[in-house]
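The listed protein sequences derive, respectively, from chains A and B.
With my numbering, letter number 216 in the first sequence gets 524, and the count goes up by one each step, no holes.
With my numbering, letter number 172 in the second sequence gets 187, and the count goes up by one each step, no holes.
Beta carbons are placed, not taken as given, at the ideal position from N, Cα and C, and that holds for glycine.
Source: prediction; values computed, not measured.
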Amino acid sequence: MRSSTLKYAYFPGCVAQGACRELDQSTKALTKILGIELVELKKASCCGSGTFKEDSQLLEDTVNARNIALAEQLNLPLLTHCSTCQGVIGHVDERLKDAQINDRAYLDQVNGFLKKEGCSPYQGSTDVKHLLWALVADYGLEAIADRVTRKLSNLNCAAFYGCYLLRGQDHIRYDDPFKPESMENVFRTVGATPIYYRGRTQCCGWPLSSYATDQSFKMAGAHIQEAIAAGADCIVTPCPLCHLNLDSRQPEVEKVIGQKLGLPVLHLPQLVALALGVSPSELGLDRHIVSTRSVLEKLGF
Amino acid sequence: MQVVFKIVRQNQDSSPRVESYTLDVESSNTILDCLNQIKWEQDGTLAFRKNCRNTICGSCSMRINGRSTLACKENVGSEVARFSTTEIPEITIAPMGNMPVIKDLVVDMQSFWANLKAVDPYVSTAARQIPEREFLQTPEERSKLDQTGNCIMCGACYSECNAREVNPGFVGPHALAKAYRMVADSRDDQTEARLDHYNQGTDGVWGCTRCYLCNSVCPMEVAPMDQIGKIKSEILARTDGQTSRSIRHRKVLIDLVKQGGWIDERQFGLQVVGNSLKDLKGLMSLVPLGLRMLGHGKLPAKFEPSEGAKQVRSLIESVQKFKAESNHSQS
Numbered sequence: 309m310r311s312s313t314l315k316y317a318y319f320p321g322c323v324a325q326g327a328c329r330e331l332d333q334s335t336k337a338l339t340k341i342l343g344i345e346l347v348e349l350k351k352a353s354c355c356g357s358g359t360f361k362e363d364s365q366l367l368e369d370t371v372n373a374r375n376i377a378l379a380e381q382l383n384l385p386l387l388t389h390c391s392t393c394q395g396v397i398g399h400v401d402e403r404l405k406d407a408q409i410n411d412r413a414y415l416d417q418v419n420g421f422l423k424k425e426g427c428s429p430y431q432g433s434t435d436v437k438h439l440l441w442a443l444v445a446d447y448g449l450e451a452i453a454d455r456v457t458r459k460l461s462n463l464n465c466a467a468f469y470g471c472y473l474l475r476g477q478d479h480i481r482y483d484d485p486f487k488p489e490s491m492e493n494v495f496r497t498v499g500a501t502p503i504y505y506r507g508r509t510q511c512c513g514w515p516l517s518s519y520a521t522d523q524s525f526k527m528a529g530a531h532i533q534e535a536i537a538a539g540a541d542c543i544v545t546p547c548p549l550c551h552l553n554l555d556s557r558q559p560e561v562e563k564v565i566g567q568k569l570g571l572p573v574l575h576l577p578q579l580v581a582l583a584l585g586v587s588p589s590e591l592g593l594d595r596h597i598v599s600t601r602s603v604l605e606k607l608g609f
Numbered sequence: 016m017q018v019v020f021k022i023v024r025q026n027q028d029s030s031p032r033v034e035s036y037t038l039d040v041e042s043s044n045t046i047l048d049c050l051n052q053i054k055w056e057q058d059g060t061l062a063f064r065k066n067c068r069n070t071i072c073g074s075c076s077m078r079i080n081g082r083s084t085l086a087c088k089e090n091v092g093s094e095v096a097r098f099s100t101t102e103i104p105e106i107t108i109a110p111m112g113n114m115p116v117i118k119d120l121v122v123d124m125q126s127f128w129a130n131l132k133a134v135d136p137y138v139s140t141a142a143r144q145i146p147e148r149e150f151l152q153t154p155e156e157r158s159k160l161d162q163t164g165n166c167i168m169c170g171a172c173y174s175e176c177n178a179r180e181v182n183p184g185f186v187g188p189h190a191l192a193k194a195y196r197m198v199a200d201s202r203d204d205q206t207e208a209r210l211d212h213y214n215q216g217t218d219g220v221w222g223c224t225r226c227y228l229c230n231s232v233c234p235m236e237v238a239p240m241d242q243i244g245k246i247k248s249e250i251l252a253r254t255d256g257q258t259s260r261s262i263r264h265r266k267v268l269i270d271l272v273k274q275g276g277w278i279d280e281r282q283f284g285l286q287v288v289g290n291s292l293k294d295l296k297g298l299m300s301l302v303p304l305g306l307r308m309l310g311h312g313k314l315p316a317k318f319e320p321s322e323g324a325k326q327v328r329s330l331i332e333s334v335q336k337f338k339a340e341s342n343h344s345q346s
């Protein structure tokens, strides 16, 4: 059992407040049952999902320096639950911390914009952490195992990490980007069986989905097929953008590849919370495009 | 130390098989040293490309423990420490991806070279018609070419590129990194034509799915995805949202963040795909998705802007104003 309470500045992101509200719901349910305290950053804004940077590096850095500074004001680490938000904001944090040492002029420029608009300046005094890493590194897998009340035995879970979580930052402290194990270790902790397949570290195709749908869905389709062939009962992802392409668009993916798939896609906190005794409806498992019934039946719900 | 090399071997038009070779090697030996040892002492039929042995020529790229890299750059000790979990350490070797195998670890790189050629990878000839003296560049101008100039055309990025797997028209990260080198070169006088060329469909920069794999595997830190981003940024500065859907995607995203702090996804779909009601075919394509999302309770009834939306808007506007002014003063 943990002695001290973990507390984070919670960055909800766009998708968890829009098409994947079940993610917001399950992150809150999971942290509640684990006794992790979240202070929601109500004044935060979209990280740009890699698109700000295509406009300019300065735009991505300035907007996200503001996001990080909001957490710094609370003296808390910033918690993401989206691979893309993590990769973008985490990388901005790395870059600006480096600028504190190697490029003061650039940091002053970023902070100049923030001050002009009445925002707190970026100080480099906190950390940007994905929920996955908060579970693995801060809370600890053993402490989670202690709280498991419903082992997810016989459930074959295929991780889908998301590009930005593995490769968006220069350094990730908790995984090898080419051989990650955090998700699989979480699966083992809750009694499920990890499924290994190449797609787990590849791109879901979401960034292309608004204008190159065939390419995007072919990408998603190949990974889902591979996961099914490897014996997966479901995909589990720490990224709601991956979830959009793998779950919300799965009917279109099926059309593009000409094959029925029907593979449920769970958000990471949904899976963990199920094992801790939270009910499926509290986790919004009834609000997926691909029915999660087969998973729940396998678990005896 | 004893190490087992598991090598994916293949003849043209036949299915691959894995062959194992056990070697006694030093942890400081490179993977290329080990492949040479296999070829010279155990099995002369093993085929792989090699040349300089020193991360300069780019010949020996292959998939080592699942990612494309140079056999001469990686060594046994770090590979085993990083990837092996077996009692007798194992190292897996496979040919590069996205290119057909000729034999074993030798792939046919024809499409790789053809795609490089497609971006017109030479400083424009018109600018060269002054024979009297050299083309002078300031150190600052030259420094813009340093990172992309480091490319050794090894093919590692192309091998891992997720966009190449689904889009045979996409020229690939190596070609677009070179394309940026041309765009950034002060001696080239075809910048506008190049940007137009690289902006076409999804063969150029918009084919990139931002998977970061090219950045991740590049042995020379060329960061092709970053270079693709810089070309996009040049294109975005010259175009509006009506140019194409890929450009509208970018413009609308920033506009929506300015409006609400967070993105209103319903508006994003309508404005990007439906082009604010102007693209009927696009709008119709959204109908099944919209109904599906509505039916499963995934379409939010309302959008709640961030409490900081106003501050974010003026912050973005002041950065945009600054960028526009500095672009203006440069041109």
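What distance in whole Å lies between the Cβ atoms of Met527/A and Ser511/A, which are believed to be in contact at a cut-off of 8 Å? One-based indexing of the first sequence puts residue 511/A at position 203. One-based indexing of the first sequence puts residue 527/A at position 219. The residue you asked about is not Ser; residue 511/A is Cys in the sequence shown. Right, their Cβ atoms sit about 6 Å apart.
On a CA-only basis, which of Glu319/B, Gly256/B, Thr70/B is nearest Asp294/B? Give me that one, please. The count along the second sequence starts at 1 and reaches residue 294/B at position 279. Taking only the C-alpha atoms, the option nearest Asp294/B is Gly256/B.
In angstroms, rounded to a whole number, what distance separates the CA positions of Thr258/B and Cys393/A? Start at 1 with the first residue of the second sequence, and residue 258/B comes out as number 243. Start at 1 with the first residue of the first sequence, and residue 393/A comes out as number 85. Thr258/B and Cys393/A: Cα-Cα distance of roughly 28 Å.
Does any CB atom of chain A fall closer than 8 Å to the CB of Arg315/B? Looking up residue 315/B in the second sequence gives position 300. This sequence places Pro at residue 315/B; Arg is not what is there. By this cut-off, Pro315/B is an interface position.
If you run the structure through DSSP and keep just helix, strand and coil, what is Ile341/A? Against the first sequence, residue 341/A aligns to sequence position 33. In this structure, Ile341/A counts as helix in the three-state DSSP scheme.
Do you know whose CA, among Lys273/B, Met240/B, Pro110/B, lies nearest Val186/B's CA? Within the second sequence, residue 186/B is the residue found at index 171, counting from 1. Here the closest residue by C-alpha is Met240/B.
By alpha-carbon positions, which one of Asp401/A, Asp541/A, Leu604/A, Pro488/A ends up nearest to Thr509/A? Residue numbering aside, residue 509/A sits at position 201 when the first sequence is read from its first letter. Checked all of Asp401/A, Asp541/A, Leu604/A, Pro488/A; the closest Cα to Thr509/A is Pro488/A.
Could you spell out where the beta strand (DSSP E) holding Asn464/A opens and where it closes? What you label residue 464/A is simply residue 156 of the first sequence in a count that begins at 1. Run containing Asn464/A: 464 to 467, per the beta strand (DSSP E) assignment.
Counting only Cβ pairs nearer than 9 Å, list the residues of chain B close to Lys350/A. Stepping through the first sequence from its first residue, residue 350/A is reached at position 42. Simply Ser321, Glu322, Gly323.
Determine the closest residue to Ala466/A out of Leu342/A, Leu582/A, Ile532/A, with distance taken between C-alpha atoms. By 1-based counting over the first sequence, the position of residue 466/A is 158. Ranking the options by Cα distance to Ala466/A, first place goes to Ile532/A.
Using 8 Å as the cut-off, can you tell me whether the segment 263 to 276 of chain B makes contact with the segment 117 to 127 of chain B, which would need three or more C-beta pairs spanning the two stretches below that distance? no
Against Ile79/B, what residues of chain A qualify as contacts under a CB-to-CB distance less than 8 Å, listed in chain order? Here residue 79/B refers to the residue found at position 64 when the second sequence is read from its first residue. Under the 8 Å cutoff, chain A gives no residues; its nearest Cβ is about 10 Å from Ile79/B.
Checking contacts by CB at 8 Å: is Leu268/B closer than that to chain A? In the second sequence, the residue the question calls residue 268/B occupies position 253. Chain A contact via Cβ: present.
Between the Cα of Asp332/A and those of Asp594/A, Pro548/A, Ser556/A, spot the shortest distance and give me the residue it belongs to. As a working note, residue 332/A is residue 24 in the first sequence. Checked all of Asp594/A, Pro548/A, Ser556/A; the closest Cα to Asp332/A is Pro548/A.
Please tell me whether Lys361/A has its Cβ less than 8 Å away from any Cβ of chain B. As a first step, residue 361/A must be located in the first sequence, where it is residue number 53. Answer yes: the Cβ-Cβ gap between Lys361/A and chain B drops below 8 Å somewhere.
Quick check: the Cα distance between Lys325/B and Met168/B, rounded to an integer number of angstroms? Numbered from 1 along the second sequence, position 310 holds the residue referred to as residue 325/B. Numbered from 1 along the second sequence, position 153 holds the residue referred to as residue 168/B. The straight-line gap from Cα to Cα measures roughly 47 Å.
What do you reckon, are the CB atoms on Arg557/A and Ser518/A nearer than 8 Å? Taking the first sequence and counting its residues from 1, one reaches residue 557/A at position 249. Taking the first sequence and counting its residues from 1, one reaches residue 518/A at position 210. Contact: no.
Where Ile597/A meets chain B, residues with beta-carbon distance less than 8 Å: Within the first sequence, numbered from 1, the residue matching residue 597/A stands at position 289. Going along chain B in sequence order, the residues near Ile597/A (Cβ under 8 Å) are Arg307, Met308, His311, Lys313.
Please look up how many angstroms separate the CB atoms of Val603/A and Leu463/A, rounded, as I've assumed it's under 8 Å. Numbered from 1 along the first sequence, position 295 holds the residue referred to as residue 603/A. Numbered from 1 along the first sequence, position 155 holds the residue referred to as residue 463/A. Confirmed, Cβ separation roughly 7 Å.
So Glu562/A is in the beta strand (DSSP E); what residue range does that whole segment cover? As a working note, residue 562/A is residue 254 in the first sequence. From DSSP, Glu562/A is part of no beta strand (DSSP E) but of the alpha helix (DSSP H) over 558 to 565.
So, at 6 Å on beta carbons, what are the nonlocal neighbours of His389/A in its own chain, with the 5 sequence-adjacent residues on each side left out? Within the first sequence, residue 389/A is the residue found at index 81, counting from 1. Counting only Cβ-Cβ distances below 6 Å, and skipping sequence neighbours, we find Thr335, Leu439.
Residues of chain A with CB under 7 Å from Ser231/B, in chain order? Here residue 231/B corresponds to residue number 216 of the second sequence, with the count starting at 1. Arg475, Pro485, listed in chain order.
Please compile the residues from chain A whose C-beta is within a distance smaller than 8 Å of the C-beta of Thr70/B. Sequence index remark: in the second sequence, residue 70/B carries index 55 (1-based). Simply none; closest approach about 19 Å.
Just to confirm before moving on: does the CB-CB distance between Arg68/B and Cys49/B stay below 8 Å? Taking the second sequence and counting its residues from 1, one reaches residue 68/B at position 53. Taking the second sequence and counting its residues from 1, one reaches residue 49/B at position 34. It is not a contact, given that the beta carbons lie outside the stated cut-off.
Using DSSP's beta-bridge definition, name the partner residues of Glu348/A. Here residue 348/A is taken as the residue at index 40 of the first sequence, counted from 1. Tyr318/A, per the DSSP bridge assignment.
Using a beta-carbon distance below 8 Å, is Val371/A in contact with chain B? Residue 371/A sits at position 63 when you count from the first residue of the first sequence. Yes - at least one Cβ of chain B is within 8 Å of the one on Val371/A.
Minimum length 3: unbroken beta strand (DSSP E) runs contained in the segment 189 to 274 of chain B: none
Across which residues does DSSP place Ala413/A in a beta bridge pair? Position 105 of the first sequence, counted from the first residue, corresponds to residue 413/A. In the DSSP output, where bridge partners are listed per residue, Ala413/A has none listed.
Can you pull the chain A neighbours of Gln326/B, defined as C-beta to C-beta under 9 Å? Your numbering for residue 326/B matches position 311 in the second sequence. Within 9 Å Cβ-Cβ: Lys351, Ser353, Arg374, Glu425, Gly426, Cys427.
Nearest chain B C-beta to Gln510/A closer than 8 Å, yes or no? The count along the first sequence starts at 1 and reaches residue 510/A at position 202. Cβ-Cβ to chain B under 8 Å: yes for Gln510/A.
Would Gly432/A pass as an interface residue toward chain B - the criterion being a Cβ-Cβ separation below 8 Å? What you label residue 432/A is simply residue 124 of the first sequence in a count that begins at 1. Answer no: the Cβ-Cβ gap between Gly432/A and chain B never drops below 8 Å.
Cα-Cα separation between Tyr137/B and Arg307/B, rounded to whole angstroms: Sequence index remark: in the second sequence, residue 137/B carries index 122 (1-based). Sequence index remark: in the second sequence, residue 307/B carries index 292 (1-based). Looking at the two C-alpha atoms, the distance is approximately 49 Å.
Are Phe486/A and Arg82/B closer than 8 Å when you measure CB to CB? To locate residue 486/A, count along the first sequence from 1; it is residue 178. To locate residue 82/B, count along the second sequence from 1; it is residue 67. For Phe486/A and Arg82/B, yes; Cβs fall inside 8 Å.
Quick one: does the C-beta of Asp484/A sit closer than 7 Å to a heavy atom of the ligand ATP? Among the ligands in the structure shown, none appear at all, so the ligand ATP cannot be discussed.
Please work out which residues of its chain come closer than 8 Å, Cβ to Cβ, to Gly539/A, disregarding the five sequence neighbours upstream and downstream, and give them in chain order. Start at 1 with the first residue of the first sequence, and residue 539/A comes out as number 231. The answer, listed in chain order, is Asn464, Ile503.
Between Phe421/A and chain B, is any beta-carbon pair separated by less than 8 Å? The residue given as residue 421/A occupies position 113 in the first sequence. Yes, its Cβ sits closer than 8 Å to a Cβ of chain B.
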